[in-house]
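Single-structure report; data block below.
Number of protein chains: 2
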Amino acid sequence: MTTTTLPGARLIAELRPEARNAPESGIVEVMNHGRLKPGLIPLWVGEGDLPTADFIVRAANASLAAGETFYTWQRGVPELRQALADYHAALYGQPFSAERFFVTGSGMQSVQICVRLVAGPGDEIVIPTPAWPNFAAAIGVAGAKAVCVPMDLAEGRFTLDLDKLAAAITPKTRALVINSPANPTGWTATRDEMAALLALSRKHGIWIIADEIYGRFVYDGSPRAASFHDVMDEEDRVLFVQTFSKNWAMTGWRIGWIEAPAAFGQIIENMIQYSTSGSPVFVQRAATAALTEGEPYIAEQIARASEGRRIVSEGLKATNRVSLAAPVGAFYQFFTVDGRSDSRALAIELVDNANVGLAPGTAFGPGGETGLRLCFARKSSDLVEAVARLQGALAQS
Amino acid sequence: MTTTTLPGARLIAELRPEARNAPESGIVEVMNHGRLKPGLIPLWVGEGDLPTADFIVRAANASLAAGETFYTWQRGVPELRQALADYHAALYGQPFSAERFFVTGSGMQSVQICVRLVAGPGDEIVIPTPAWPNFAAAIGVAGAKAVCVPMDLAEGRFTLDLDKLAAAITPKTRALVINSPANPTGWTATRDEMAALLALSRKHGIWIIADEIYGRFVYDGSPRAASFHDVMDEEDRVLFVQTFSKNWAMTGWRIGWIEAPAAFGQIIENMIQYSTSGSPVFVQRAATAALTEGEPYIAEQIARASEGRRIVSEGLKATNRVSLAAPVGAFYQFFTVDGRSDSRALAIELVDNANVGLAPGTAFGPGGETGLRLCFARKSSDLVEAVARLQGALAQS
Chain A
1 MTTTTLPGAR
11 LIAELRPEAR
21 NAPESGIVEV
31 MNHGRLKPGL
41 IPLWVGEGDL
51 PTADFIVRAA
61 NASLAAGETF
71 YTWQRGVPEL
81 RQALADYHAA
91 LYGQPFSAER
101 FFVTGSGMQS
111 VQICVRLVAG
121 PGDEIVIPTP
131 AWPNFAAAIG
141 VAGAKAVCVP
151 MDLAEGRFTL
161 DLDKLAAAIT
171 PKTRALVINS
181 PANPTGWTAT
191 RDEMAALLAL
201 SRKHGIWIIA
211 DEIYGRFVYD
221 GSPRAASFHD
231 VMDEEDRVLF
241 VQTFSKNWAM
251 TGWRIGWIEA
261 PAAFGQIIEN
271 MIQYSTSGSP
281 VFVQRAATAA
291 LTEGEPYIAE
301 QIARASEGRR
311 IVSEGLKATN
321 RVSLAAPVGA
331 FYQFFTVDGR
341 SDSRALAIEL
351 VDNANVGLAP
361 GTAFGPGGET
371 GLRLCFARKS
381 SDLVEAVARL
391 QGALAQS
Chain B
1 MTTTTLPGAR
11 LIAELRPEAR
21 NAPESGIVEV
31 MNHGRLKPGL
41 IPLWVGEGDL
51 PTADFIVRAA
61 NASLAAGETF
71 YTWQRGVPEL
81 RQALADYHAA
91 LYGQPFSAER
101 FFVTGSGMQS
111 VQICVRLVAG
121 PGDEIVIPTP
131 AWPNFAAAIG
141 VAGAKAVCVP
151 MDLAEGRFTL
161 DLDKLAAAIT
171 PKTRALVINS
181 PANPTGWTAT
191 RDEMAALLAL
201 SRKHGIWIIA
211 DEIYGRFVYD
221 GSPRAASFHD
231 VMDEEDRVLF
241 VQTFSKNWAM
251 TGWRIGWIEA
261 PAAFGQIIEN
271 MIQYSTSGSP
281 VFVQRAATAA
291 LTEGEPYIAE
301 QIARASEGRR
311 IVSEGLKATN
321 RVSLAAPVGA
331 FYQFFTVDGR
341 SDSRALAIEL
351 VDNANVGLAP
361 GTAFGPGGET
371 GLRLCFARKS
381 SDLVEAVARL
391 QGALAQS
């Protein structure tokens, strides 16, 4: 049944354009093509294959058993805000006040709220692309305009041309979205690049919406990627949008956080109040356990992703049909296939012929249209099999 | 520490006015005054005193144990959408398609999304007041204008003057918010009033955002209040904003739903995707259990509220200092105190002198400034004690 024949179809035209024109996910289109295929190896979503660890689940169950099922603090329970401050202090080697942290109902909600804090109708936000499509979509739903700056791609590696980024800034620009390590490209800003980006923010008085959710997933042995925390002052215009989804395999829990100037506390509380009115206490207890007991788990996850990265990058290179560089950070391999520029068609073909689910580059905006994204946060045996299937299919395509 | 001295205070002026100007809750101000008082009986929030029932918690535990911790359908899991359709069919005596139901991360998120579907900058939404303040606030955050129409108050009972409501409709009006049974007034539309409101929607081509979350809480022995479902067609401009919070004592779970024309499916999916990206599966399993096994529980809750209503209305009347009528629906007693028109000051005074927490009418917009709201969804012994304390304090005030 198509939408136009459903009850209410005549009313669609009366809805607000910001809502009506929000794009459908380009990944979901390919997923819908392959969702029910037996034996398909799904590497199209930014999600691992492991359910959430027991020590996290137990904290939620204990909270439920204790009857923590009532309304709670809109900014998050104090214990979780303090745990976030402690986690940041350990990771970045500097003190953090719990007053800088605001619990949200997902990294996505963090983005939604931060976009609305700084931009609305008439405003622009600049995004290096290819990028997670939900940034541009959330900006559009807020009535602002996403301005995409395609990154440069050479020999499988993306680089961000800071002059090109600076040239996209206009008097209407209110913010830059900086995702490092980046989904889907694996691009990871150096400390010098972070400093240069911050200098742009200071020069133009514009915000940085910093998505550093993959900051733990780097493969050179260092404990984390460079961060705006390494170069900024507390008074800089940086809003961090964060999630528990990736580090702790909690995609299905819908919990994240915003890190922002403490002075924004009441404003962010109000924005949370008028969008979802807080997060469940039992989910917050699980998140607190993740922060306070989760370091060994994260270490395992990173080791697993590192092995996945090796399997995938070596296996795909062996086809002699692809152009790629193993990513510096995050847990995606982005690659192009020689002679194949229509990634949507190719992703559908690989569902049919390799029984492997990949995300088409078309889903990520300008600059990535010809590539494919593969999530390697998965057990090695699946990845070995997926690579073998892709080798076979690409040899015949 | 005041906000102006916190790091980042100088940046507040750069934030969007829709965010910066979102109001702080007028209830929370009084709560902050009394939050830590030993022995205070808190009747200021729309929440009962019972934790969520075991049969609901167990469904969440089982889902977590089964590893349901991954991303899921943006519109809600199919089983819950079907359970919603079945629940509605039983309650309203007519068939419902599961395609009309969209799971959200709270009734508040349902309001946020429905407001954004129909209104933005330049648009107006009309609200009879006093009303739940989050309606007007969410409209403001969306960049639209809330137009309040004060209800008439006589002998403690509120009535909605439909001519006054109609007179507030302008070419900019995009929707009416109709909350029946109403928080905080207890006003409950008759079927004829529902039909008249729907006629206004049809005549002007404007939407009704229908909040019928208290529809089960009526005290005349009938199974539910009148509903727009009793008078509308599937093609009418009615969007229902709903929650699991009240019927099933699940305030802390943050789960609700939207009921809308099935043709809006992809648009609502996108709005969910770009605000919170779905609700946890284990929370959805709990909600499914609530719908399918919860009728005896709801019957108990209503019986309990009915007793609470009697205790409170009779006890307050006995003071000979108040003006009130026992509410037709919902679980709040709204009342005014003779000679006292400053409800904010009175609410703070009653925290200090009666150790009872009430919500000041000033929190609910025009028309309710002089009254107080008392939530009676609570065990009888608490309510008996609260009424005794209020009697004592009012005798001396």
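Protein sequences, first through last, are from chains A and B. Counted the way full-length UniProt numbering counts, the first sequence spans residues 1 to 397. Counted the way full-length UniProt numbering counts, the second sequence spans residues 1 to 397. Note that the Cβ used here is the ideal one computed from N, Cα and C, for glycine as well. Note that this is a predicted model, so its numbers are computed, not measured.
Within chain B, the residues that residue i reaches when beta carbons sit closer than 9 Å
{"i": "residue 396 (chain A)", "result": "Result: empty, since nearest Cβ-Cβ is about 32 Å, beyond 9 Å."}
{"i": "residue 275 (chain A)", "result": "105, 106, 108, 109, 112, 138, 141, 275 and 276"}
{"i": "residue 385 (chain A)", "result": "The premise fails here: residue 385 (chain A) is roughly 20 Å from chain B at the closest Cβ pair, so nothing lies under 9 Å."}
Residue from the options with nearest C-alpha to residue i
{"i": "residue 146 (chain A)", "options": "A:136, A:33, A:104 and A:187", "result": "A:136"}
{"i": "residue 396 (chain B)", "options": "B:384, B:99 and B:340", "result": "B:340"}
{"i": "residue 50 (chain B)", "options": "B:297, B:208 and B:216", "result": "B:297"}
{"i": "residue 265 (chain B)", "options": "B:250, B:239 and B:222", "result": "B:239"}
{"i": "residue 383 (chain B)", "options": "B:199, B:351 and B:316", "result": "B:316"}
{"i": "residue 203 (chain B)", "options": "B:170, B:188 and B:179", "result": "B:170"}
{"i": "residue 251 (chain A)", "options": "A:338, A:290 and A:85", "result": "A:290"}
{"i": "residue 127 (chain B)", "options": "B:372, B:113 and B:150", "result": "B:150"}
{"i": "residue 219 (chain B)", "options": "B:241, B:144, B:278 and B:300", "result": "B:300"}
{"i": "residue 208 (chain A)", "options": "A:19, A:267 and A:261", "result": "A:261"}
{"i": "residue 380 (chain B)", "options": "B:313, B:269 and B:89", "result": "B:313"}
{"i": "residue 72 (chain A)", "options": "A:272, A:176 and A:307", "result": "A:272"}
{"i": "residue 283 (chain A)", "options": "B:253, B:307 and B:311", "result": "B:253"}
{"i": "residue 355 (chain A)", "options": "A:236, A:40, A:177 and A:89", "result": "A:40"}
{"i": "residue 309 (chain B)", "options": "B:268, B:374, B:295 and B:321", "result": "B:374"}
{"i": "residue 403 (chain A)", "options": "A:44, A:181, A:154 and A:211", "result": "Outside the displayed span of chain A (1 to 397) sits residue 403 (chain A), for which this structure offers no information."}
{"i": "residue 75 (chain B)", "options": "B:276, B:350 and B:346", "result": "B:276"}
{"i": "residue 98 (chain A)", "options": "A:107, A:85, A:142 and A:110", "result": "A:85"}
{"i": "residue 122 (chain B)", "options": "B:201, B:365, B:172 and B:102", "result": "B:172"}
{"i": "residue 377 (chain B)", "options": "B:347, B:345, B:366 and B:331", "result": "B:331"}
{"i": "residue 47 (chain B)", "options": "B:258, B:292 and B:244", "result": "B:244"}
{"i": "residue 10 (chain B)", "options": "A:45, A:95 and A:263", "result": "A:263"}
Chain-ordered chain A contacts of residue i [CB-CB under 7 Å]
{"i": "residue 118 (chain B)", "result": "15 and 16"}
Residue span of the beta strand (DSSP E) that contains residue i, given as start and end
{"i": "residue 87 (chain A)", "result": "Not the beta strand (DSSP E): residue 87 (chain A) falls in the alpha helix (DSSP H), residues 78-92."}
{"i": "residue 164 (chain B)", "result": "Residue 164 (chain B) -> not in any beta strand (DSSP E); alpha helix (DSSP H) instead, spanning 162-167."}
{"i": "residue 124 (chain A)", "result": "124-129"}
{"i": "residue 259 (chain B)", "result": "256-259"}
{"i": "residue 74 (chain B)", "result": "Neither: residue 74 (chain B) is in no beta strand (DSSP E) and is coded neither H nor E."}
{"i": "residue 371 (chain B)", "result": "371-375"}
{"i": "residue 358 (chain B)", "result": "Segment: none, residue 358 (chain B) is in no beta strand (DSSP E) and carries neither H nor E."}
{"i": "residue 101 (chain A)", "result": "101-104"}
{"i": "residue 243 (chain A)", "result": "238-243"}
Proximal residues of chain B, C-beta to C-beta of residue i below 8 Å
{"i": "residue 185 (chain A)", "result": "Near residue 185 (chain A) there are no residues of chain B at all, since even the closest Cβ is about 21 Å away, more than 8 Å."}
{"i": "residue 130 (chain A)", "result": "Neighbours of residue 130 (chain A) on chain B: none; closest Cβ ~18 Å, over 8 Å."}
Unbroken alpha helix (DSSP H) run spanning residue i, endpoints
{"i": "residue 267 (chain A)", "result": "265-273"}
{"i": "residue 154 (chain A)", "result": "Note, residue 154 (chain A): premise wrong, no alpha helix (DSSP H); beta strand (DSSP E) at 152-154."}
{"i": "residue 297 (chain B)", "result": "295-317"}
{"i": "residue 328 (chain B)", "result": "Careful: residue 328 (chain B) lies outside any alpha helix (DSSP H) and carries neither H nor E."}
{"i": "residue 158 (chain A)", "result": "Residue 158 (chain A) -> not in any alpha helix (DSSP H); beta strand (DSSP E) instead, spanning 157-159."}
{"i": "residue 394 (chain A)", "result": "380-396"}
{"i": "residue 135 (chain A)", "result": "133-141"}
Interface residues of chain A facing residue i [CB-CB closer than 8 Å]
{"i": "residue 280 (chain B)", "result": "252, 253, 254 and 283"}
{"i": "residue 6 (chain B)", "result": "99, 261, 262, 263 and 265"}
Chain B residues whose Cβ lies nearer than 7 Å to that of residue i
{"i": "residue 9 (chain A)", "result": "263"}
Proximal residues of chain A, C-beta to C-beta of residue i below 9 Å
{"i": "residue 179 (chain B)", "result": "Within chain A, no residue comes near residue 179 (chain B); the closest Cβ sits about 16 Å away, beyond 9 Å."}
{"i": "residue 121 (chain B)", "result": "120, 121 and 143"}
{"i": "residue 134 (chain B)", "result": "273, 274 and 277"}
Proximity test, residue i beta-carbon vs the ligand GTP heavy atom, cut-off 8 Å
{"i": "residue 6 (chain A)", "result": "Questions concerning the ligand GTP fall outside what the structure shown contains, since it holds no ligand whatsoever."}
- Message: Under 8 Å, CB to CB, which of the residues in the segment 240-264 of chain B have a partner in chain A?
- Response: 249, 250, 251, 252, 253, 254, 260, 261, 262, 263 and 264
- Item | Members of the segment 68-92 of chain A near chain B, C-beta cut-off 8 Å | 68, 69, 70, 71 and 72
- Message: In chain order, what are the residue ranges of uninterrupted alpha helix (DSSP H) at least 4 long that sit wholly in the segment 175-232 of chain B?
- Response: 191-204
- Task: Could you name the residues of the segment 11-43 of chain A whose beta carbon sits closer than 8 Å to any beta carbon of chain B, in the order they occur along the chain?
- Result: 11, 12, 14, 15, 16, 18, 19, 20, 22, 23, 24 and 25
- For the segment 45-70 of chain A, which residues have a CB atom closer than 8 Å to at least one CB atom of chain B, in sequence order? 45, 47, 51, 52, 57, 60, 61, 64, 65, 67, 68, 69 and 70
- Query: Using Cβ-Cβ distances below 8 Å, what residues of the segment 190-206 of chain A are close to chain B?
  - Reply: 205
- Name the residues in the segment 353-372 of chain B whose C-beta lies less than 8 Å from a C-beta of chain A; which are they? none
- Message: Using a Cβ-Cβ cutoff of 7 Å, what residues of the segment 213-242 of chain B are near chain A? List them in chain order.
- Response: 234, 235 and 237
- Go through the segment 3-79 of chain B residue by residue and report every complete run of the alpha helix (DSSP H) that reaches 4 residues or more, in order. 17-20, 26-34 and 54-65
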